[in-house]
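Heads up, the thing below is written out as structure tokens.
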Amino acid sequence: MIDWSFLENQKLRGIVERALQHVKKLEAEGKSWRDFELYEIKANWWDVRELIYEYGIFEIAYKSRSHTYYKFAVPIEEVEKRLNEYKLILEDSIELEENEKVSDIPPDFWDLIEGYDDVKEVFLASLRAQEPVHILLVGPPGTAKSLMLMEVERLSGSVFIIGGTSTKAGIRDVLIEKKPRILIIDEIDKISKPDDISVLLTLMESGRVIVTKHGGHKEVKMKTWVFAAANIARRMPPELLDRFQVFYLRPYDGDTLKRVIMKCLMKREGKNEELAKYVAEKVVSMGGTVRDAIRIARIAASKEEVDKLISTIKKYRQPLST
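Quick note: the sequence shown uses my numbering, first residue 210, plus one each step.
Below you can see the structure in the form of structure tokens.
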């Protein structure tokens, strides 16, 4: 039985394509034989051996002391059909990726983010790169790292997870089920499961996700960009940190944070300027973050309600001493 998964291996696929061209040339010349030697298809014995014994696409036709001849184990019409079908799939996926890189980014991308223009340029360059370049933002609350991740989450094909609660199933199952083009991980420094870390290392290094089932395993290939944020980078395994381009961000000053909050509440939450400004001022004065402002603005519809909610938050903000 033929295992057509060899088509995913560019080297083996090339050998089969050259063998097919050679056999079709023999047919066109009216030759009665359809056999070939290794030099005629520019292949080595180890690759052809794999195509014989693992995939079943070739077989040995004749062997003497000085020569070994090979042939296709299936009709060449079937081989040609499978090759053409795979090429169409390959072309469709490449075309889809190219289209997404350019058209996927909205015109108001980064509008909420104050400063960090150079970092934002690197993000855009990464998104438009031919191969994934992974980015990690490190810094305390109030550095806009989560806001940047929220902007990236707007792009199609993105999946957002939080490192400390990356589902009971784990990151592997998220990848297999969603097949994201972009994986966004907030609080990546809180990932503690060895299996989750191992999955990320393999995905980021080689674009593979290994699935183990019934004692065996298979590899799922995917091209996934990973964008993440962490409060403290030293908590992360060095081999995982090494797979990122890392940027260490500093907190916004009070005035800048107010502008960021106002933009976020007006453009993303639909709040009027007066209420957005009031919430921003109150949140900054209490040492809060953009997330705090979003939560407050979603609950409170007036200045009075904002004051009441903030009063309650302050009252219960500190845990009881034990």
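All C-beta atoms, glycine included, are put in the ideal place defined by N, C-alpha and C.
Source: prediction; values computed, not measured.
| query | For Lys517, does the count of other Cβ atoms within 10 angstroms reach 16, so buried, or fall short, so exposed? | reply | Within the sequence shown, numbered from 1, the residue matching residue 517 stands at position 308. Classification for Lys517: exposed.
| query | Looking only at C-alpha atoms, which of Glu340, Gln339, Glu287 and Met357 sits nearest to Leu321? | reply | Within the sequence shown, the letter at position 112 stands for residue 321. Of the listed residues, the one whose Cα sits closest to Leu321 is Met357.
| said: Suppose contacts are defined by Cβ-Cβ distances below 8 angstroms. Is Tyr461 in contact with Val469 by that definition? | reply: Position 252 of the sequence shown, counting from 1, holds the residue named residue 461. Position 260 of the sequence shown, counting from 1, holds the residue named residue 469. Closer than 8 angstroms, so yes.
| field | Candidates Ile519, Phe215 and Arg390: closest to Val288 by CA position | value | Taking the first residue of the sequence shown as position 1, residue 288 is located at position 79. Answer by Cα proximity: Phe215.
| task | Pick helix, strand or coil for Val493, following the three-state DSSP scheme. | result | Within the sequence shown, numbered from 1, the residue matching residue 493 stands at position 284. Here Val493 sits in helix by DSSP.
| request: Starting from the C-beta of Lys491, find all residues in its chain whose C-beta is less than 7 angstroms away, skip the five residues before and the five after it, and write them out in chain order. | output: Numbered from its first residue, the sequence shown carries residue 491 at position 282. Closer than 7 angstroms at the Cβ level, and outside the excluded window around Lys491, lie Val515 and Ile519.
| task | Please work out which residues of its chain come closer than 6 angstroms, Cβ to Cβ, to Leu384, disregarding the five sequence neighbours upstream and downstream, and give them in chain order. | result | Taking the first residue of the sequence shown as position 1, residue 384 is located at position 175. Hits under 6 angstroms: Val418.
| Where Gln454 falls: helix, strand or coil (DSSP) | By one-based count along the sequence shown, residue 454 stands at place 245. Residue state, collapsed to three classes: strand.
| query | First and last residue of the beta strand (DSSP E) that includes Phe281? | reply | The residue given as residue 281 occupies position 72 in the sequence shown. Counting along the chain, the beta strand (DSSP E) containing Phe281 begins and ends at Thr277 to Phe281.
| For Trp434, the first and last residue of its enclosing beta strand (DSSP E) | If you number the sequence shown from 1, residue 434 lands on position 225. Run containing Trp434: Trp434 to Ala439, per the beta strand (DSSP E) assignment.
| query | Could you give the residue range of the beta strand (DSSP E) that holds Ile371? | reply | Locating residue 371 in the sequence shown gives position 162, where the first residue counts as 1. Looking at the DSSP string, the run of the beta strand (DSSP E) that includes Ile371 is Ser367 to Ile371.
| task | Using 10 angstroms around the beta-carbon of His276, count the other beta-carbons present and answer buried if the total reaches 16, otherwise exposed. | result | Here the question's residue 276 lines up with position 67 in the sequence shown. The residue in question, His276, is exposed, as its Cβ has fewer than 16 Cβ neighbours within 10 Å.
| message | Need the endpoints of the alpha helix (DSSP H) that Leu409 sits in, please. | response | Numbered from its first residue, the sequence shown carries residue 409 at position 200. Counting along the chain, the alpha helix (DSSP H) containing Leu409 begins and ends at Pro403 to Ser415.
| request: Kindly indicate which three-state DSSP category Tyr271 falls into: helix, strand or coil? | output: To locate residue 271, count along the sequence shown from 1; it is residue 62. Here Tyr271 sits in strand by DSSP.
| task | Inspect the beta-carbon positions of Ala506 and Leu474 and report whether they are closer than 8 angstroms. | result | The residue given as residue 506 occupies position 297 in the sequence shown. The residue given as residue 474 occupies position 265 in the sequence shown. The answer is yes: Cβ separation under 8 angstroms.
| In terms of residue numbering, what span does the alpha helix (DSSP H) encompassing Leu518 cover? | Sequence index remark: in the sequence shown, residue 518 carries index 309 (1-based). Segment Lys512 to Lys524, the alpha helix (DSSP H) holding Leu518.
| Buried or exposed by the 16-neighbour rule on C-beta atoms within 10 Å, applied to Arg381 | Counting from one through the sequence shown, the residue named residue 381 turns up at place 172. When all chains shown are included, Arg381 counts as buried.
| From what residue to what residue does the beta strand (DSSP E) around Asp395 run? | On the sequence shown, residue 395 is found 186 positions in, with the first residue counted as 1. From DSSP, the beta strand (DSSP E) with Asp395 extends over Ile391 to Asp395.
| field | Under 8 angstroms between C-beta atoms of Ala270 and Tyr278 | value | Along the sequence shown, one-based indexing puts residue 270 at 61. Along the sequence shown, one-based indexing puts residue 278 at 69. For Ala270 and Tyr278, yes; Cβs fall inside 8 angstroms.
| What does a CB cutoff of less than 6 angstroms around Gly373 pick up in its chain, not counting 5 residues either side in sequence? | Numbered from 1 along the sequence shown, position 164 holds the residue referred to as residue 373. So the list reads Glu396 and Lys399, once near-sequence residues are dropped.
| task | Buried or exposed for Pro341, please, with buried defined as at least 16 other CB atoms from any protein chain shown within 10 angstroms of its CB. | result | In the sequence shown, residue 341 corresponds to position 132, counting from 1. With 16 or more Cβ atoms within 10 Å of its Cβ, Pro341 is classed as buried.
| request: Kindly indicate which three-state DSSP category Ile322 falls into: helix, strand or coil? | output: Translated into positions along the sequence shown, residue 322 becomes position 113. Note: Ile322 maps to coil in three-state DSSP.
| field | Candidates Ala252, Ile314, Tyr457 and Lys233, of which the one nearest Arg243 by Cα | value | One-based indexing of the sequence shown puts residue 243 at position 34. The option with the nearest alpha carbon to Arg243 is Lys233.
| task | Less than 8 angstroms between the CB atoms is what I'm expecting for Ser438 and Leu346, so what's the real figure, rounded? | result | The residue you call residue 438 lines up with position 229 of the sequence shown. The residue you call residue 346 lines up with position 137 of the sequence shown. Note on identity: in this sequence residue 438 is Ala, with Ser being the wrong assignment. With a Cβ gap of about 5 angstroms, Ala438 and Leu346 count as contacting.
| message | Once DSSP output is grouped into helix, strand and coil, what is the label at Val342? | response | Indexing the sequence shown from 1 puts residue 342 at position 133. Correct three-state label for Val342: coil.
| query | Does the stretch 223 to 230 come close enough to the stretch 245 to 256 that 3 or more CB-CB pairs lie under 8 angstroms? | reply | yes
| For Phe245, which residues does DSSP report across the bridge? | Locating residue 245 in the sequence shown gives position 36, counting from the first residue. Paired residues: Tyr279.
| query | Taking Ile393 as the reference, which of Val408, Leu412, Ser355 and Phe369 has the closest Cα? | reply | Sequence index remark: in the sequence shown, residue 393 carries index 184 (1-based). Minimum Cα distance to Ile393 is reached at Phe369.
| Any idea what DSSP makes of His423, helix, strand or coil? | Walking along the sequence shown from the start, residue 423 turns up at place 214. Note that His423 has pLDDT 45, beneath the 50 cutoff, so the model's placement of it is unreliable and no number is given.
| field | Lys251 in three-state terms, based on DSSP | value | Taking the first residue of the sequence shown as 1, we reach residue 251 at position 42. Correct three-state label for Lys251: coil.
| request: Measure the CB-CB distance between Leu466 and Val493 and report whether it falls below 8 angstroms. | output: One-based indexing of the sequence shown puts residue 466 at position 257. One-based indexing of the sequence shown puts residue 493 at position 284. Cβ distance < 8 angstroms, so Leu466 and Val493 count as in contact.
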